[in-house]
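Numbering (the numbering used here), first residue to last: 105 to 236.
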């Protein structure tokens with residue numbers, strides 16, 4: 105369980121570093137100061153792209169596009185229930201952005217962790233997991 109937590113937390117940090125409703129994110133920084141620090145903007149952008157490639161490739165390989173949509177639908181249904189029960193209010197745009205980031209990070213975290221979950225439940229390893 106702690107492995108999933110760290111993979112999910114890294115996904116959330118990757119998404120939040122790219123964009124969030126605060127002033128501390130890559131997109132806002134590049135729009136305001138990127139032209140003054142073009143080399144740093146390109147370097148940080150490439151680091152973020154590498155992070156996205158790692159997460160998206162692992163997620164697509166483990167659960168595929170259909171699995172991603174299914175996890176996204178499940179998380180959205182949970183948020184809908186929380187909204188209907190009055191636990192979540194959607195009046196604040198900043199909060200809605202954080203909910204979106206949280207939702208996407210759960211999809212990426214589950215995608216990166218799915219091989220570990222499947223191996224624990226079924227006892228079967230993926231071909232990528234077998235040591236040579």
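From the three backbone atoms N, C-alpha and C, an ideal C-beta is built for every residue, glycine too.
1) Rounded to the nearest angstrom, what separates residue 226 and residue 148 at their Cα positions?
2) Give the secondary structure of residue 167 by DSSP, where H, G and I count as helix, E and B as strand, and everything else as coil.
3) Hey, would you say residue 215 sits closer than 7 Å to residue 163, going by beta carbons?
4) On the three-state DSSP scale, how would you describe residue 189?
5) Tell me the residue span of the alpha helix (DSSP H) that contains residue 106.
6) To the nearest angstrom, how far is the alpha carbon of residue 161 from that of residue 185?
7) Using three-state DSSP, classify residue 141 as helix, strand or coil.
8) Identify whether residue 207 lies in helix, strand or coil by the three-state DSSP scheme.
9) Rank 116, 110, 211 and 113 by C-alpha distance to the C-alpha of residue 169 and give the top, closest one.
Concretely, from the data shown:
1) 39 Å
2) coil
3) yes
4) coil
5) 106-122
6) 31 Å
7) coil
8) helix
9) 211
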